[in-house]
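Enquirer:
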Amino acid sequence: MNESKDRLTIKEKIENLREKLNNDIIRNIEHKDIEESKSILATSEELDNVIVDYIKNFNQEI
Numbered sequence: 417m418n419e420s421k422d423r424l425t426i427k428e429k430i431e432n433l434r435e436k437l438n439n440d441i442i443r444n445i446e447h448k449d450i451e452e453s454k455s456i457l458a459t460s461e462e463l464d465n466v467i468v469d470y471i472k473n474f475n476q477e478i
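First residue of the sequence shown: 417, per the working numbering; consecutive thereafter.
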């Protein structure tokens with residue numbers, strides 16, 4: 417996989433996770449469910465990991 421394709425894949429993951437996180441937050445606000453809160457934390461952690469991977473990938477190119 418080339419670097420630009422890696423970057424595009426990571427950007428897509430970030431956008432998908434951001435969308436999922438937003439939807440989970442809205443559902444949690446509506447229902448105030450503990451399981452939804454756990455889901456939000458898990459998605460947030462996954463998003464953080466993808467962002468870190470993106471930064472590492474970008475820094476390797478410099």
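We put the beta carbon where it would ideally sit given N, CA and C, even for glycine.
1) Taking the straight line between their C-alpha atoms, what separation do you get for L433 and H447?
2) Whose C-beta lies closer than 7 Å to the C-beta of E452 among residues of the same chain, with five residues either side of it excluded?
3) Could you compute how far the alpha carbon of L437 sits from the alpha carbon of I456?
4) Using a Cβ-Cβ cut-off of 7 Å (strictly less than) and excluding sequence neighbours within five positions of E462, which residues of its own chain qualify?
5) For E426, which residues from the same chain have a beta carbon less than 8 Å from its beta carbon, with the 5 sequence-adjacent residues on both sides left out?
Expert: For this structure:
1) Rounded to whole angstroms, L433 and H447 show a C-alpha spacing of 21 Å.
2) Excluding positions up to five away in sequence, the list reads D440, R443 and N444.
3) Between L437 and I456, the C-alpha separation is close to 6 Å.
4) Shown here for E462: same chain residues with a beta carbon closer than 7 Å to its own, the five before and five after excluded, namely L433 in chain order.
5) The residue you asked about is not Glu; residue 426 is Ile in the sequence shown. Only V466, D469, Y470 and N473 meet the Cβ criterion.
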